[in-house]
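Novice: Respectively, the protein sequence lines represent chains B and W. Numbering of the first sequence is given in the UniProt record's numbering, commencing with residue 1 and proceeding in unit increments. Numbering of the second sequence is given in the UniProt record's numbering, commencing with residue 1 and proceeding in unit increments. Yeah, the Cβ is synthetic: ideal placement off N, Cα and C, and Gly gets one too.
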Amino acid sequence: MPLSTQSQAEEEQYVLVANLDNARNLSNILKAIGFKDHAIFTATPNGLKVTVEDSKCVQANAFIQADIFQKFTIKEDLVALQVNLTVLLDCLNIFGGSTVAGISTALRMCYRGYGYPLTLFLEEGGVVTVCKINTEEPEEPIDFDFCSSNVTNKVILQSESLKEAFSELDMTSEVLQITMSPSQPYFRLSTFGNSGSAHYDYSKDSDMMELFRCNETQTNRYKMSLLKPSTKALALSCKVSVRTDSRGFLSLQYLVRNDDGQICFVEFFCCPDVEVDEDL
Amino acid sequence: MKFRGKIIDIACLNHFSRVVTTISKLTKMCVLRLTPDNLFFVLSGKVANGGVGMWCELLQANFFDEYQMEGVSSEFNEICLEVTPENLSRALKTVQNAKYVKIKLTRKHCPCLTIAAELPTLSSVSRVVTHDVPVDIIPKSLWHEFKEPSIPDFDVSIYLPPLKTLKNVVDRMKNLSNFLLIEANMNGEMKLKIQTDLVSVTTHFKDLGNPPWGEDSSQDGGPSHSRDPEDMAEARVDIRKLQQFLMGQQVNPSKAMCNLVHRNVVHLVVLHEDVSLQYFVPAVA
């Protein structure tokens with residue numbers, strides 16, 4: 001049952017069909033948001049958005065545009081479904097997720113509609129695997145109401161520099177404090193751990209800083225445990241945009257380049273932990 | 001009862017050590033049977049082992065430069081020892097670059113397989129490392145449990161796909177379920193299936209080929225003659241047991257096949273040039 005010979009009639013039953021020559025292009029980006037089991041899939045003619053949430057405080061979205069797929073057919077304006085992400089990742093990597101050039105797993109992902117399983121056809125080296133993942137009642141993703149018009153401060157960094165900072169962060173600290181300011185210290189990451197406080201400063205003229213647009217001084221704390229899952233996305237990414245809005249909500253947007261050089265986005269929203277008095 | 005053997009060739013030593021390591025991945029304890037021509041590692045399919053059985057056969061001449069043994073009597077010229085292959089494997093790994101390795105059955109505080117190796121040194125003084133691996137001598141009255149298993153009267157015999165591919169698939173399926181259904185037919189097709197509340201996964205292999213079991217084989221007429229080639233035989237097994245088998249395979253075998261007795265047993269056979277390994281996984285309901 002090679003992927004290519006599926007009958008037209010069978011194809012017509014599905015509201016969503018997405019083909020990908022290299023399943024890793026999907027599995028890698030889903031791994032980056034795989035910190036909870038339940039993933040909400042929202043498909044529109046523009047592509048696929050996959051949402052994972054934790055504790056109603058953090059939300060991760062992976063965006064895979066329609067043109068990343070070799071074929072992306074959707075019969076409705078919006079198709080929503082929810083599946084177990086851990087299961088989906090095991091299915092996508094059923095052949096081991098080989099990183100060897102020239103060997104890749106081809107994927108066809110199909111969905112018939114509400115109540116039906118999400119069906120994956122995977123093929124590598126003439127071996128075909130069919131996975132039927134039962135879908136769950138899709139939950140409504142939290143609306144963090146983060147609009148670009150409310151953004152107070154924004155910086156864009158080469159991920160390289162943030163990776164370095166994150167690998168050195170004191171993980172005994174319960175929170176990560178982010179300071180963004182038009183004046184000194186510009187962009188500062190602080191931790192308050194067992195062995196004292198640490199600050200990690202970025203100058204606004206650093207080579208690593210691609211864009212620096214800060215309007216007012218803002219200091220917010222975010223739970224380390226909520227931010228930690230985002231390091232998976234950071235590791236994959238080449239650029240990251242850090243934004244905060246007037247309420248202190250944090251948005252981290254990671255630009256991820258896949259095996260074929262195409263660009264996808266992963267976005268994290270996190271609500272602030274404690275209000276910090278700005279005069280402090 | 002006497003046994004002493006000496007391995008000089010480093011390739012033979014490495015090979016022997018690989019075989020022992022493979023065995024150690026499959027089972028904690030097994031029986032080592034020594035005969036004048038062969039070494040056998042045996043695990044009889046008892047309930048205590050979860051019904052898993054193993055039979056690994058080595059020609060001593062392919063490994064040993066010197067090999068002397070004297071069994072319990074001239075009539076029963078064999079030695080049967082219960083060993084922990086992990087211990088043997090560990091001892092052999094530390095003497096990988098030895099000039100020679102001697103393996104000897106000794107009586108210290110308890111019966112031991114003593115592995116003595118001369119390691120290379122820069123000075124003129126030689127360095128000899130000795131490992132004593134405790135073993136249990138198995139009395140003749142129990143030997144009947146460790147006879148070569150007869151090849152089961154299988155319904156389907158099929159070549160296995162590349163073990164690496166199989167391992168990848170089985171590893172993932174193991175994350176999703178505890179049991180795996182193996183289906184195969186005489187048309188070279190094999191399916192691996194799992195089904196849980198969350199997901200059902202089926203991997204289809206085809207064009208695997210079916211080993212020719214000729215008229216001279218122990219099968220009366222073989223499985224293929226009366227059977228519809230499309231007809232699937234199946235067995236549901238504990239995934240961990242299958243995974244264990246695949247994990248242990250360090251070298252690609254020259255042949256690997258699977259014999260299925262419908263809803264009864266999965267018999268896996270791996271053939272290398274000078275080693276053959278059979279593994280029995282019982283089917284579960």
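Would you list, in chain order, the members of the stretch 188–212 of chain B that have their beta-carbon closer than 9 Å to a beta-carbon of chain W?
Specialist: Residues: none.
Novice: Going along chain W in order, which residues have a C-beta closer than 8 Å to the C-beta of Ile133 (chain B)?
Specialist: What Ile133 (chain B) touches in chain W: Leu198, Val199.
Novice: Can you tell me the Cα-Cα spacing of Thr129 (chain B) and Ile74 (chain B), whole angstroms?
Specialist: Straight-line Cα distance between these residues: approximately 23 Å.
Novice: DSSP on Asn239 (chain W), reduced to helix/strand/coil?
Specialist: Checking the displayed sequence, the identity of residue 239 (chain W) turns out to be Ile instead of Asn. Note: Ile239 (chain W) maps to helix in three-state DSSP.
Novice: Leu176 (chain W) CB to nearest chain B CB: under 8 Å?
Specialist: Output row for Leu176 (chain W): interface = yes.
Novice: Do you know offhand how far Thr99 (chain B)'s Cα is from Asn175 (chain W)'s?
Specialist: Distance between the alpha carbons of Thr99 (chain B) and Asn175 (chain W) is about 21 Å.
Novice: Does the beta carbon of Pro161 (chain W) sit closer than 8 Å to a beta carbon anywhere in chain B?
Specialist: Taking Cβ atoms only, chain B reaches closer than 8 Å to Pro161 (chain W), which makes this a yes.
Novice: Expressed to the nearest angstrom, what Euclidean distance is found between the alpha-carbon atoms of Glu82 (chain W) and Leu122 (chain W)?
Specialist: One C-alpha to the other measures close to 38 Å.
Novice: Which residues in chain B have a C-beta closer than 8 Å to the C-beta of Phe205 (chain W)? List them in chain order.
Specialist: Those are Val127, listed as they occur along chain B.
Novice: Looking at chain D, is there any beta carbon in it that lies within less than 8 Å of the beta carbon of Cys91 (chain B)?
Specialist: The structure shown contains no chain D; its protein chains are B and W.
Novice: Please classify Ala61 (chain W): does DSSP put it in a helix, a strand, or coil?
Specialist: Residue state, collapsed to three classes: helix.
Novice: Does chain W have any CB closer than 8 Å to the CB of Gly96 (chain B)?
Specialist: Chain W contact via Cβ: present.
Novice: Go ahead and pull the three-state DSSP assignment for Thr217 (chain B).
Specialist: Looking at Thr217 (chain B) - three-state DSSP - the assignment turns out to be coil, as it is neither helix nor strand.
Novice: How would you call Met180 (chain B), buried or exposed, if buried means at least 16 neighbouring beta carbons within 10 angstroms?
Specialist: Met180 (chain B) is buried by the Cβ-count criterion.
Novice: Go through the stretch 226–265 of chain B residue by residue and report every complete run of the beta strand (DSSP E) that reaches 3 residues or more, in order.
Specialist: Fully enclosed beta strand (DSSP E) runs of 3 or longer: 237–245, 250–257.
Novice: Do we get a CB-CB distance below 8 Å when we pair Asn22 (chain B) with the residues of chain W?
Specialist: Closer than 8 Å: no.
Novice: Distance check for Gly97 (chain B) and Val256 (chain B), CA to CA, integer angstroms please.
Specialist: Using only the alpha carbons, I get a separation of about 18 Å.
Novice: Do Cys112 (chain W) and Asp136 (chain W) count as a contact pair if the criterion is CB distance below 8 Å?
Specialist: In this structure, Cys112 (chain W) does not lie closer than 8 Å to Asp136 (chain W) by Cβ.
Novice: Where Arg4 (chain W) and Ala116 (chain W) are concerned, what is the direct C-alpha to C-alpha distance, given to the nearest angstrom?
Specialist: Roughly 11 Å between the two C-alpha positions.
Novice: In chain order, what residues of the same chain lie with their CB nearer than 7 Å to the CB of Ser217 (chain W), ignoring the 5 residues before and after it?
Specialist: The predicted position of Ser217 (chain W) is uncertain, since its pLDDT is 49 and thus under 50; a value taken from the coordinates is nonetheless stated next. No residues qualify anywhere along the chain.
Novice: Quick check for students: name the residue ranges of the beta strand (DSSP E) that lie wholly in the stretch 2–39 of chain W, counting only runs of 3 or more.
Specialist: Fully enclosed beta strand (DSSP E) runs of 3 or longer: 2–7, 30–34.
Novice: Comparing the C-beta of Asn84 (chain B) with each C-beta of chain W, is any distance below 8 Å?
Specialist: Yes, its Cβ sits closer than 8 Å to a Cβ of chain W.
Novice: Just list the residues that DSSP pairs Phe41 (chain W) with in beta bridges.
Specialist: In the DSSP output, where bridge partners are listed per residue, Phe41 (chain W) has W:Leu32, W:Cys56.
Novice: Restricting to Cα atoms, I'd like to know which of B:Val50, B:Lys163, B:Thr105, B:Ser190 is closest to Met208 (chain B).
Specialist: Nearest of B:Val50, B:Lys163, B:Thr105, B:Ser190 to Met208 (chain B), Cα basis: B:Lys163.
Novice: Using beta-carbon positions only, say whether Thr42 (chain B) and Lys49 (chain B) come within less than 8 Å of one another.
Specialist: In this structure, Lys49 (chain B) lies closer than 8 Å to Thr42 (chain B) by Cβ.
Novice: Any C-beta of chain B sitting closer than 8 Å to the C-beta of Asn168 (chain W)?
Specialist: Output row for Asn168 (chain W): interface = yes.
Novice: Since Pro240 (chain W) meets chain B, which of its residues come closer than 8 Å, beta carbon to beta carbon?
Specialist: In the sequence as presented, Pro is not what sits at residue 240 (chain W); that position holds Arg. Chain B residues near Arg240 (chain W): none, gap ~16 Å exceeds 8 Å.
Novice: Rank W:Ile194, W:Val169, W:Glu183 by C-alpha distance to the C-alpha of Met247 (chain W) and give the top, closest one.
Specialist: Of the candidates W:Ile194, W:Val169, W:Glu183, the one whose C-alpha sits nearest the C-alpha of Met247 (chain W) is W:Val169.
Novice: In whole angstroms, what separates the C-alpha of Leu11 (chain W) from that of Lys93 (chain W)?
Specialist: It should be pointed out that residue 11 (chain W) corresponds to Ala in this sequence rather than to Leu. The alpha-carbon atoms of Ala11 (chain W) and Lys93 (chain W) are separated by roughly 13 Å.
Novice: Just to confirm, is the Cβ distance from Gly47 (chain B) to Leu85 (chain B) under 8 Å?
Specialist: No, these two residues do not count as a Cβ contact at 8 Å.
Novice: Under a CB-based cut-off of 8 Å, is Thr165 (chain W) close to chain B?
Specialist: Yes, Thr165 (chain W) lies at the interface with chain B (some Cβ there is under 8 Å from its Cβ).
Novice: Can you tell me where the alpha helix (DSSP H) holding Ile29 (chain B) begins and where it ends?
Specialist: 24–31 is the span of the alpha helix (DSSP H), which, as asked, contains Ile29 (chain B).
Novice: By the 10 Å Cβ neighbour count, where 16 or more other Cβ atoms means buried, how is Asn25 (chain B) classified, buried or exposed?
Specialist: By the 10 Å Cβ count, Asn25 (chain B) comes out buried.
Novice: Less than 8 Å between C-beta atoms, sequence neighbours within five positions excluded: which residues of the same chain meet that for Thr27 (chain W)?
Specialist: Leu43, Asn49, Val52, Met54, Pro85.
Novice: Select from B:Ser230, B:Thr231, B:Leu226, B:Val240 the residue whose C-alpha is nearest the C-alpha of Cys271 (chain B).
Specialist: Measuring from the Cα of Cys271 (chain B), the nearest candidate turns out to be B:Leu226.
Novice: Quick one: is Val130 (chain B) near chain W, going by C-beta distance under 8 Å?
Specialist: Judged by the 8 Å Cβ criterion, Val130 (chain B) is in contact with chain W.
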